[in-house]
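For reference, the structure discussed in these notes is given below.
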Amino acid sequence: MDYMRAPPFTDDINEERLLSNFKLPVIPSYDGRCDPEYHIHVFISAFRLYCISDPIICRTFSVFLQGTTRKYFWGLEPRSISILGELVDKFLHRFISSRPTIKTSAYLLNIQQNSGESLRTYVQRFQDKNVQILDPKEQVTIAAFTNRLTAGVFNTGAHKKFPRTLREFWQKVKKSIQPEDLNCMKREAQVTPSRTDSRRKKESSRGEASTAGRFQSPNRDRRSVFDRTAKRKLSVPDSELIPLKTNRSYILSVMEQNPLRRSPPRMVGKKEKRNFNLCCAYHRDIGNETEDCNNLKKDIEDLIKRGYLKQFVRSDGECQRSDTCQDCQGESCRENNRGESR
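The numbering of the sequence shown is this note's numbering, which starts it at 5 and goes up by one.
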């Protein structure tokens, strides 16, 4: 191979002068093993961004080639290319075998939900394949997803009121994932105690021996040790938090719909040591109740201070819904009794 031979461009391209401040963009070199069309798009887009002329793009093309592709370029006949389009056509034609197979929506019909596979896992696996399709058809996508579902609650609900658009369908899927996750955690919580009964008995006996002589209230807080430990880490006690009109579980559902909910930190402590009868919708895990979740309290507090969730802030004299109203009435009665005694 004669590397001193002239490039395969006409004189108009070869004589085009570079600007004094010209700098090559940072682009990965192409070796012929991946999609040539993708490399062409990246290459030309980088030069177009700086308004570089076509002759300069042609002259710098070989700089971003290596191996077989560079040998091919220098093997082209001199003065055989007069415009950028001819260079692109020759290049794509030579390395057409490296182009990936074009997948259509029919490719999704091969995906099916495995036995025992959760809806969340199936959706993630389905979406990984769906993004590989350049022009997916909505109805084919919906049909492929629903036809391969295993028997279950979502399968029945999806066919009962069939969604008209893909967006409406994915919203329906999203609403079904959360209850399934909570049920899965509940089932896991019910199975785990039977496997760890002996271990927990040993740990319980050690704990009773170490805490002998300590005072324990008969009305002990029914929350888990994990949550009571985490509560001591709050810099602001509950009495100083912004009063709310309704419970935190409902506010959490509003946060998820808007969306204002952020990913919670991972629960600390070993799972087998938590209270298996308590489930937190915020962490989607067991160990404490949603209403007592310190991380949820902090998130709601931060959102209110940033201007969100103002509709749930309780004004002076206004009671929180549910049991809180009874507490307020009792407090009011006590205040009246004090006044009469005076």
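C-beta atoms are modelled at their ideal positions from N, C-alpha and C, and glycine is treated no differently. It should be emphasised that the depicted structure is a prediction, and the values quoted were computed from it without experimental measurement.
- Since Lys-178 contacts Ile-137 with CB under 8 Å, what's their CB separation in whole angstroms? Actually they do not touch by this definition, with Cβ atoms about 21 Å apart.
- Message: Short of 6 Å in beta carbon distance, which residues of its chain neighbour Glu-142, apart from the five on each side in sequence? Order them along the chain.
- Response: Leu-170
- Task: Take the Cβ of Phe-26 as the centre, count every other Cβ of all protein chains shown within 10 Å, and call the residue buried at 16 or more, exposed below.
- Result: exposed
- Message: Let me check understanding here. Comparing Cα to Cα, which of Glu-295, Ile-246 and Lys-274 lies closest to Leu-256?
- Response: Glu-295
- Query: Is Val-67 helix, strand or coil when you go by DSSP?
  - Reply: helix
- Query: Should Tyr-286 and Asn-299 be called a contact, given that it needs their Cβ atoms to be closer than 9 Å?
  - Reply: yes
- Task: Indicate the three-state DSSP secondary structure (helix, strand or coil) for Ile-290 in the structure shown.
- Result: strand
- Item | Ordered list of alpha helix (DSSP H) runs contained in the segment 114-143, each at least 4 residues | 123-134
- Message: In the DSSP output, what is Phe-13 paired with across the bridge?
- Response: Ile-85
- Message: Quick check: the segment 110-124 against the segment 45-65, are at least 3 beta-carbon pairs closer than 8 Å?
- Response: no
- Going along the chain, which unbroken runs of the alpha helix (DSSP H) with 4 or more residues stay wholly within the segment 20-76? 40-52 and 58-64
- Inspect the CB distances between the segment 98-117 and the segment 81-89 and report whether three or more fall short of 8 Å. no
- Got a sec? Which residues, its chain only, sit under 7 Å from Ile-304 by beta carbon, not counting five neighbours each side? Arg-252, Ile-255 and Leu-313
- Does the distance from the CB of Glu-276 to the CB of Cys-283 come in under 9 Å? no
- Item | Coil, strand or helix - Val-258 by DSSP | helix
- Might you give, ordered along the chain, the residues of its own chain that have their beta carbon closer than 8 Å to the beta carbon of Gly-71, omitting 5 neighbours on each side? Asp-35 and Gly-36
- Query: Between the beta-carbon of Ala-148 and the beta-carbon of Leu-113, is there less than 9 Å?
  - Reply: yes
- Own chain partners of Arg-310 with C-beta closer than 7 Å, once the 5 adjacent residues on each side are dropped: none
- Could you spell out the range, first to last residue, of the alpha helix (DSSP H) harbouring Ile-304? 298-309
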